[in-house]
Amino acid sequence: MIRYIFRRLGHAIPVMLILIVFSFVIMHLAPGGPFTRERALPPQVLANINAKYGLDQPLWKQTLDYLWGIVVHFDFGPSFVYTDQSVNSIIAQGFPITLTYGTISGVVAIAVGVTLGAVAAIRHNSWLDSLAVGVSVTAQVLPNFVMAPILVVIFTLWLHWLPGGGFEGLLSPAYWIMPVIALSTSYMASIARMMRSSMLEVMNQNHIRTARAKGLAMRRIVMKHALKPALLPVISYLGPAFVGMITGSVVIDMYFSTGGIGKFFVDSALNRDYAVMMGITVLLGGLTIVFNLLVDILYAWIDPKIRY
Amino acid sequence: MKPNPLLALAVALSFIVPNASAATVAPGDTLAENQDIDLWLLDDIKTLDPQKSASVGDSDAIRQLFEGLYSQAANGDLVPGVATGHEVSADGLIWTFHLRPEATWSNGDPVTAQDFVYAWRRLVDPETASEKASALTDLKVKNAKAVIDGKLPPAELGVRAIDAHTLEVTLDQPIPHGYMIASVTNTNTFPAPRAVIETYGDAWTQPGHLIGNGAYSLVEHRIGQKIVLKRNPRYRDDAHTIVKSVTFHVINEENQALTRFRAGELDVSPIPSGQYPRLKEKYPDQVYKKPRACTYAYVFNLSLKGPEALKDVRVRKGLSLAIDRSIITDNILKGGQIPAYSWTPPSMAGFKAPDIDYSHWSQAERVAKAENLLKQAGYGPDHPLKLTISYNTSEAHKKIAVAIQQFWKAIGVETRLENMEWKVFTDRLHKHEYEVGRYAICAGVDNAIDMLSFFKSTDSLNPTGFASADYDRLMNDVLTATDPNIDYDQAEHTLADKMPIAPIYFYTSNGMVKPDIRGFPVQNVLNFFYVRNMYRVVK
Numbered sequence: 003m004i005r006y007i008f009r010r011l012g013h014a015i016p017v018m019l020i021l022i023v024f025s026f027v028i029m030h031l032a033p034g035g036p037f038t039r040e041r042a043l044p045p046q047v048l049a050n051i052n053a054k055y056g057l058d059q060p061l062w063k064q065t066l067d068y069l070w071g072i073v074v075h076f077d078f079g080p081s082f083v084y085t086d087q088s089v090n091s092i093i094a095q096g097f098p099i100t101l102t103y104g105t106i107s108g109v110v111a112i113a114v115g116v117t118l119g120a121v122a123a124i125r126h127n128s129w130l131d132s133l134a135v136g137v138s139v140t141a142q143v144l145p146n147f148v149m150a151p152i153l154v155v156i157f158t159l160w161l162h163w164l165p166g167g168g169f170e171g172l173l174s175p176a177y178w179i180m181p182v183i184a185l186s187t188s189y190m191a192s193i194a195r196m197m198r199s200s201m202l203e204v205m206n207q208n209h210i211r212t213a214r215a216k217g218l219a220m221r222r223i224v225m226k227h228a229l230k231p232a233l234l235p236v237i238s239y240l241g242p243a244f245v246g247m248i249t250g251s252v253v254i255d256m257y258f259s260t261g262g263i264g265k266f267f268v269d270s271a272l273n274r275d276y277a278v279m280m281g282i283t284v285l286l287g288g289l290t291i292v293f294n295l296l297v298d299i300l301y302a303w304i305d306p307k308i309r310y
Numbered sequence: 012m013k014p015n016p017l018l019a020l021a022v023a024l025s026f027i028v029p030n031a032s033a034a035t036v037a038p039g040d041t042l043a044e045n046q047d048i049d050l051w052l053l054d055d056i057k058t059l060d061p062q063k064s065a066s067v068g069d070s071d072a073i074r075q076l077f078e079g080l081y082s083q084a085a086n087g088d089l090v091p092g093v094a095t096g097h098e099v100s101a102d103g104l105i106w107t108f109h110l111r112p113e114a115t116w117s118n119g120d121p122v123t124a125q126d127f128v129y130a131w132r133r134l135v136d137p138e139t140a141s142e143k144a145s146a147l148t149d150l151k152v153k154n155a156k157a158v159i160d161g162k163l164p165p166a167e168l169g170v171r172a173i174d175a176h177t178l179e180v181t182l183d184q185p186i187p188h189g190y191m192i193a194s195v196t197n198t199n200t201f202p203a204p205r206a207v208i209e210t211y212g213d214a215w216t217q218p219g220h221l222i223g224n225g226a227y228s229l230v231e232h233r234i235g236q237k238i239v240l241k242r243n244p245r246y247r248d249d250a251h252t253i254v255k256s257v258t259f260h261v262i263n264e265e266n267q268a269l270t271r272f273r274a275g276e277l278d279v280s281p282i283p284s285g286q287y288p289r290l291k292e293k294y295p296d297q298v299y300k301k302p303r304a305c306t307y308a309y310v311f312n313l314s315l316k317g318p319e320a321l322k323d324v325r326v327r328k329g330l331s332l333a334i335d336r337s338i339i340t341d342n343i344l345k346g347g348q349i350p351a352y353s354w355t356p357p358s359m360a361g362f363k364a365p366d367i368d369y370s371h372w373s374q375a376e377r378v379a380k381a382e383n384l385l386k387q388a389g390y391g392p393d394h395p396l397k398l399t400i401s402y403n404t405s406e407a408h409k410k411i412a413v414a415i416q417q418f419w420k421a422i423g424v425e426t427r428l429e430n431m432e433w434k435v436f437t438d439r440l441h442k443h444e445y446e447v448g449r450y451a452i453c454a455g456v457d458n459a460i461d462m463l464s465f466f467k468s469t470d471s472l473n474p475t476g477f478a479s480a481d482y483d484r485l486m487n488d489v490l491t492a493t494d495p496n497i498d499y500d501q502a503e504h505t506l507a508d509k510m511p512i513a514p515i516y517f518y519t520s521n522g523m524v525k526p527d528i529r530g531f532p533v534q535n536v537l538n539f540f541y542v543r544n545m546y547r548v549v550k
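In structure tokens, the structure reads:
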């Protein structure tokens, strides 16, 4: 198992290198640059800026310099747009915020989704099932950019219960309740639907029928024999879903002014802020690799048939 | 150059701007206990460095943290800042500013002429790589161009400290008085604290490092969330400053900002597109509207890469005439925008709006004339004109483009709409890879020169490819003209005559402000505001 983990991490290195070079080149091939303005800059002014940021160098040299900076100094360079900030400092400020509300959202989505799906499957075709399906379908079709403004109208404008934006850390839930609801709902719905169908399948399998025939209590059957195998498809979905949640969402960051990294990711692409774009891409790529590995380890733990 | 008699008359005349204190509490107003205010920012600030700042949000914050030679009162009038007055030499080339001795930085050091010299050199220094370096070439400051081009060291810039409180600026050629004065209220010309910048480098603008000479100091900047400022007790006019702290909240979503304003979390709010009439009716005491010095236009590609048809002035005129501006302002935008038939916003300081003939015609007359012009140019039902309109992806631009497509269809022009992401669009525009494009410019200095110099061929910054020696000459003459409005008028008529662009509308700024806030909105058309002019009254 340990050898397997090391082998996987070894594979991650070339994957990351390809990701960096590929994104870097693609990014620079996009028309326009960080300093393309509606009112064009005088040529010499633009030349001075390009010289300062090394954008006057040939692309291969920029790519190599960039890689060197990351590998040797773990320095992603300065932001071309937020000129007071380095990429490292933007990520250092924004990532803890998305990590906080993203992790809470993940926990909420899993807890509610798995419970809802399991209950619906166990009480198949009952009113509980219809309710659970109804809730998850509704949640699925409510995109977060619709939910976010509705939540703020209800909880900030009408009830005056929660602040309409900002972020003050884990210990100030008033600021993260609405972001968590808006972010976790659709994930929760997907998990619930997935859990329900996989649970239904498991409940019809031979070993469950055997357990029932033996006269085992329903509760014991579900907890001990059905839940673990039913979770397998959900877990494979969780890897990328979790990365999606902890790297934030541009919608959540925009509507709730959280200062999270999702907004910077999208903005950096639109602004051609190459350095920020690359920094967040690398972060995202690294997290995806780690979480996929975690999923595989979980698999082995849950499913005795899987051995690495 | 012929000496200018009027300019000579102004020689050695000292210009002293009227002294007005910061926030003057109006009679009948009782100050509220709570003097903390919450403002709205569409996008986070990019930098708090005065010389590097280039966006609206940056200069909104910098104006509170620093103070330039001159400043503005709530009504937009020019008031002394660090300078109390200035003189201009007989030839108009030497400007001497007198700085007040009591001005200090927030760490207690005096603000001196050397701080301005350092800042202005820094602005043009290629090392700084400021986007706004050309602000000093626009002002014709001696050697500014050579320093930017790397041909002379920054120390050769035509600016020096005669003593600690006397700043001397040398120009290559005279420029209008109003242009210089309006320019020194721009953040790029504000002083810079040399010691702090040399100690911390690019990180000097972080909370804890930054020192300023403005009415407020920086407490906190949480990127993507908010910027918090508190009163600077060392500000030279702190005695007249009332508001204790200011928080700029970054909210990218205008509807969200409006909801939070209504919930009482913000003191000002934007008005999302199209909602002005509804909000005006519902909250008449909170909604405001005022002119803003920006122009929205459609540009025609006259360059070699542009379509043949657009090289014919009759076609360009026809296309412009066919646009029914009032439908765009009254039925699409609905925010009090003003139909435009010329380029420079009429609200700009000292500018006399030109009288453009077709602005008086009825739309039916314009359309008839447009059809006629296109026919003369050889276009008609059997040989229709086909064009592509490009714009950057946005709901408002799309609505306008669709309307214009219809207006042009009515005169037999077939158009295709093409929308692109912002950077792609801007890049194509400047590379002349388009046919007809949407365009908008806001004045950076409250002076018509700022708008009109845009069409000079030497700057080659305008995306139309329009070049005219007559126009260039006009723009050069205006710098020393006794009545610049004569030249402005001619320049505007040249543009109307050659029609490299079809002006569509002049902007308004509208928004909402809580009824207990005084000193906002400001009257100046560039939207420069100073929190020290504001206060909150008892409700």
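As you go down the protein sequences, you meet chains F and D in turn.
With the first sequence counted from 1, adding 2 to any position gets you the working numbering.
With the second sequence counted from 1, adding 11 to any position gets you the working numbering.
For each residue, glycine too, the CB sits at the ideal point set by N, CA and C.
Quick caveat, the model's predicted, so the values are computed rather than measured.
Distance between residue j and residue i (C-alpha atoms, nearest Å)
| i | j | result |
| --- | --- | --- |
| VAL93 (chain D) | ASN521 (chain D) | 31 Å |
| VAL298 (chain D) | ILE192 (chain D) | 31 Å |
| PHE82 (chain F) | ALA157 (chain D) | 25 Å |
| SER228 (chain D) | LEU59 (chain D) | 12 Å |
| GLN95 (chain F) | THR437 (chain D) | 31 Å |
| SER284 (chain D) | ILE159 (chain D) | 40 Å |
| TYR189 (chain F) | SER107 (chain F) | 9 Å |
| LEU57 (chain F) | GLY423 (chain D) | 46 Å |
| SER145 (chain D) | VAL47 (chain F) | 7 Å |
| TYR84 (chain F) | LEU53 (chain D) | 15 Å |
| LEU272 (chain F) | ASN403 (chain D) | 12 Å |
| GLY241 (chain F) | THR187 (chain F) | 17 Å |
| THR35 (chain D) | HIS251 (chain D) | 8 Å |
| TYR129 (chain D) | GLY68 (chain D) | 24 Å |
| THR519 (chain D) | THR340 (chain D) | 11 Å |
Test: residue i CB closer than 9 Å to a CB of chain D
| i | result |
| --- | --- |
| GLY262 (chain F) | yes |
| VAL154 (chain F) | yes |
| THR1 (chain F) | The shown model of chain F, from 3 to 310, leaves out residue 1 (chain F), and the question about it has no answer. |
| VAL83 (chain F) | yes |
| ARG309 (chain F) | no |
| VAL148 (chain F) | no |
| ASN90 (chain F) | no |
| GLN95 (chain F) | yes |
| GLY35 (chain F) | yes |
Segment limits, alpha helix (DSSP H) that includes residue i
| i | result |
| --- | --- |
| GLN46 (chain F) | 45-54 |
| SER107 (chain F) | 89-124 |
| TYR68 (chain F) | 61-75 |
| ASN208 (chain F) | 208-215 |
Chain F within 9 Å of residue i, Cβ atoms only
| i | result |
| --- | --- |
| ALA175 (chain D) | no |
| HIS371 (chain D) | no |
| GLN236 (chain D) | yes |
| VAL447 (chain D) | no |
| THR437 (chain D) | yes |
| TRP354 (chain D) | no |
Element boundaries [beta strand (DSSP E), containing residue i]
| i | result |
| --- | --- |
| TRP51 (chain D) | 47-52 |
| ALA172 (chain D) | 170-174 |
Where residue i meets chain C, residues with beta-carbon distance less than 8 Å
| i | result |
| --- | --- |
| HIS441 (chain D) | In the structure shown, chain C does not exist; the protein chains are F and D. |
Q. What residues from the segment 158-186 of chain F come within 8 Å of chain D, judged by C-beta to C-beta, listed N to C?
A. THR158, LEU159, HIS162, PRO165, GLY166, GLY167, GLY168, PHE169
Q. Of all the residues that make up the segment 265-281 of chain F, which are near chain D by a beta-carbon distance shorter than 8 Å?
A. LYS265, PHE266, LEU272, ASN273, ARG274
Q. What residues from the segment 249-265 of chain D come within 9 Å of chain F, judged by C-beta to C-beta, listed N to C?
A. HIS260, VAL261, ILE262, ASN263, GLU264
Q: Could you run through the segment 270-296 of chain D and flag, in chain order, every residue whose CB is less than 7 Å away from some CB of chain F?
A: THR270, ARG271, ARG273, ALA274, GLU276
Q | Continuous alpha helix (DSSP H) assignments of at least 4 residues falling wholly in the segment 352-410 of chain D | A | 374-387
Q: Taking a Cβ distance cut-off of 7 Å, strictly less, list which residues of the segment 134-168 of chain D are near chain F, in chain order.
A: PRO137, ALA140, GLU142, ALA144, SER145, ILE159, ASP160
Q) Could you give the uninterrupted runs of the alpha helix (DSSP H) lying entirely in the segment 250-334 of chain D, keeping only those of 4 residues or more? A) 265-273, 287-293, 324-333
Q: Enumerate, from N- to C-terminal direction, the unbroken beta strand (DSSP E) stretches of 3 or more residues contained entirely within the segment 446-473 of chain D.
A: 447-453
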